[in-house]
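Chains as they are written, first to last, in my numbering: chain B, 129 to 368; chain P, 901 to 1185. Notes for the one structure printed next.
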């Protein structure tokens, strides 16, 4: 019985435990210091606009990630169905990332712009109304629930603290930006687009009178995978 | 101190521990398990050498085979392109109409178009173009924006009511809300529109009302103007329902759909393929 050596020497046992745990720790910690090389240099990535961020929170809350991945792998069939493979840079402002690990429904990494807002409303209210074979549960209640965004500035500040490049300007105007993205007739969409290029502006849920959770969720879905400018992306340089 | 001894019944050594007269056999691991275990360890070492494995401070170990999934994909896609080059080249050079006229290319286009349609178009337009409320049926000969293969390609490329500069776009005004007509007039027009597809009789004097407010997009005879995207109102095919209530609601506060831009998401060749496929579904013109 060789482990008798450890069982009889407490100091030796402690040292051995330390070594074993350190290996496990290093495997998780070392890659964090190589982020700079892991994340590709791309053009177009920006932090989430306030409305998109709230939509992302709803996506998390409802557990959409349990059935939908946001990770297109570099495989031919995925490339043909979903588009360009996902880049590390595309989840650089995701805390936590929503790559998912299971596809009961399709991958959503590039769903932005693929369907109209009206389609998303119909589909989220009753998925079977547009996709008869769907097994997705209905999320009709999102249309009735007003979006709670009193604390939107705090959301932005928190992410800023963690290193997302939100500017003071963005934090100050967070509420206005949220409102103007959900209704082009309110607020100043131009200013919003200046702060958050490529943001989709409009009345997402078809009810211009209220800002609902459905507005936020669709705003989030409509921007997924649309930010990176792939015309300037060089696959050879970024082969990793 | 533990004492090792052989169990008389099984012939296996004990661990030497004893609890109230109960001893534990020290049965060795099965041979097959042990070999698999050591085999896996050796395999892992080989893998570490051959493939990308360890993170380092300035990247990661590349492995002697130089495998890279992103580059592999690039090579594979290039190979696919090469193997299809016989007809891909023709697709790129020819217009959609020319593709549709060439029997051999048509076969290729149909096969690819079907797959592309299933992945991208079916969620709104239904499997094989059967349509949904608010999303036109593509398997009939009623076309909002024209049914030639070029018209279809144009619609797919730039979408409908999108923010693309070349998008197809029109707006049906909310006639009652904007006080262009009264509620009574809306009701009269709805009755007239119903009569156009043979439901009910034409009330006297309503033709003038229709011509005044509707004809600029839907045509004098209500047969639609595809240049304007004005639907044909005489064929009994309805985008938002064909009951009088549905027609009335469309006059009072019209709904209008959005079709996304597909340029950028689909390649030029893919758009040509799916255009030919859609054209073939029902009554392409």
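In this text, a Cβ means the ideal position worked out from N, Cα and C, and glycines have one as well.
Quick one, which of the options has its alpha-carbon nearest residue i's?
i	options	result
residue 912 of chain P	P:919, P:921, P:929	P:929
residue 247 of chain B	B:202, B:327, B:347, B:316	B:347
residue 214 of chain B	B:224, B:223, B:203	B:203
residue 1005 of chain P	P:952, P:1160, P:988, P:905	P:988
residue 295 of chain B	B:322, B:150, B:309	B:322
residue 250 of chain B	B:239, B:320, B:271, B:168	B:271
residue 1172 of chain P	P:1136, P:907, P:1007, P:982	P:1007
residue 1226 of chain P	P:1127, P:1088, P:1044	No answer is possible for residue 1226 of chain P: the residues shown for chain P start at 901 and end at 1185.
residue 1063 of chain P	B:150, B:182, B:306, B:329	B:329
residue 1019 of chain P	B:307, B:360, B:205	B:205
residue 363 of chain B	B:315, B:212, B:260	B:212
residue 166 of chain B	P:1022, P:994, P:990, P:959	P:959
residue 269 of chain B	B:341, B:312, B:180	B:341
residue 304 of chain B	B:324, B:231, B:159	B:324
residue 252 of chain B	B:158, B:132, B:187	B:187
residue 925 of chain P	P:941, P:940, P:906	P:906
residue 968 of chain P	B:283, B:195, B:201	B:201
Name the DSSP bridge partner or partners of residue i?
i	result
residue 955 of chain P	P:960
residue 924 of chain P	Beta-bridge pairing links residue 924 of chain P to no other residue.
residue 274 of chain B	B:340
residue 1130 of chain P	P:1125
residue 914 of chain P	P:925
residue 994 of chain P	Answer is none; residue 994 of chain P lacks a bridge partner.
residue 841 of chain P	The question about residue 841 of chain P has no answer here: the residues shown for chain P are numbered 901 through 1185.
residue 906 of chain P	P:913
residue 1032 of chain P	P:1035
residue 298 of chain B	DSSP lists no partner for residue 298 of chain B.
residue 1159 of chain P	P:1060
residue 1166 of chain P	P:1163
Alpha carbon to alpha carbon, what distance is there between residue j and residue i?
i	j	result
residue 962 of chain P	residue 171 of chain B	27 Å
residue 1070 of chain P	residue 1169 of chain P	28 Å
residue 436 of chain B	residue 318 of chain B	Nothing in the structure corresponds to residue 436 of chain B, since chain B is present only between 129 and 368.
residue 353 of chain B	residue 277 of chain B	24 Å
residue 901 of chain P	residue 199 of chain B	Note on residue 901 of chain P: pLDDT 46, under 50, position unreliable in the model; the coordinate value appears next. Taking the straight line from one Cα to the other gives about 58 Å.
residue 1134 of chain P	residue 1067 of chain P	26 Å
residue 996 of chain P	residue 1175 of chain P	8 Å
residue 1033 of chain P	residue 156 of chain B	51 Å
residue 1028 of chain P	residue 1009 of chain P	15 Å
residue 140 of chain B	residue 134 of chain B	6 Å
residue 1038 of chain P	residue 954 of chain P	53 Å
residue 1082 of chain P	residue 1076 of chain P	6 Å
residue 190 of chain B	residue 286 of chain B	22 Å
residue 297 of chain B	residue 332 of chain B	25 Å
residue 1147 of chain P	residue 1065 of chain P	31 Å
residue 1158 of chain P	residue 279 of chain B	33 Å
residue 153 of chain B	residue 957 of chain P	15 Å
residue 193 of chain B	residue 226 of chain B	6 Å
residue 368 of chain B	residue 1060 of chain P	39 Å
residue 374 of chain B	residue 914 of chain P	Not covered by the structure: residue 374 of chain B. The range shown for chain B is 129 to 368.
residue 235 of chain B	residue 208 of chain B	12 Å
residue 291 of chain B	residue 238 of chain B	25 Å
residue 343 of chain B	residue 219 of chain B	22 Å
residue 917 of chain P	residue 161 of chain B	48 Å
residue 1152 of chain P	residue 1090 of chain P	10 Å
residue 964 of chain P	residue 950 of chain P	5 Å
residue 281 of chain B	residue 320 of chain B	15 Å
residue 1100 of chain P	residue 1114 of chain P	19 Å
residue 859 of chain P	residue 1035 of chain P	Chain P is shown from 901 up to 1185; residue 859 of chain P falls before or after that span and cannot be answered.
residue 1125 of chain P	residue 1001 of chain P	26 Å
residue 338 of chain B	residue 185 of chain B	19 Å
residue 947 of chain P	residue 932 of chain P	22 Å
residue 256 of chain B	residue 977 of chain P	35 Å
residue 259 of chain B	residue 938 of chain P	50 Å
residue 1163 of chain P	residue 943 of chain P	47 Å
residue 136 of chain B	residue 936 of chain P	32 Å
Does at least one heavy atom of the ligand HEM sit under 7 Å from the Cβ of residue i?
i	result
residue 934 of chain P	The ligand content of the structure shown is nil, which means the ligand HEM is not present either.
Practice item. Count the CB pairs spanning the stretch 1167 to 1179 of chain P and the stretch 1039 to 1054 of chain P that are closer than 8 Å, and state whether there are at least three. Key: Judged by Cβ distances under 8 Å, the stretch 1167 to 1179 of chain P makes contact with the stretch 1039 to 1054 of chain P, as three or more pairs qualify.
Practice item. Please specify which runs of the alpha helix (DSSP H), each continuous and at least 4 residues long, are wholly inside the stretch 1038 to 1067 of chain P, giving them in chain order. Key: If only uninterrupted alpha helix (DSSP H) runs of at least 4 residues are considered, those enclosed by the stretch 1038 to 1067 of chain P are 1049 to 1058.
Exercise for review: Take every Cβ of the stretch 341 to 360 of chain B, pair it with every Cβ of the stretch 172 to 191 of chain B, and state whether three or more of those distances are shorter than 8 Å.
Suggested key: Below 8 Å, enough C-beta pairs join the stretch 341 to 360 of chain B and the stretch 172 to 191 of chain B to call them touching: three or more.
Review point. At which residue ranges does the stretch 1083 to 1118 of chain P contain complete alpha helix (DSSP H) runs of 4 or more residues, listed in the order of the chain?
Key: Residue ranges of uninterrupted alpha helix (DSSP H) with 4 or more members, entirely inside the stretch 1083 to 1118 of chain P and ordered along the chain, are 1083 to 1096, 1106 to 1113, 1115 to 1118.
Check your understanding: In the stretch 203 to 282 of chain B, which residue ranges form an unbroken alpha helix (DSSP H) of at least 4 residues, counting only runs that do not cross its ends?
Key -> 204 to 210, 245 to 253, 269 to 272, all fully within the stretch 203 to 282 of chain B.
Review point. Does the stretch 1085 to 1099 of chain P come within contact of the stretch 1119 to 1133 of chain P, defined as at least 3 CB pairs closer than 8 Å?
Key: Touching, yes.
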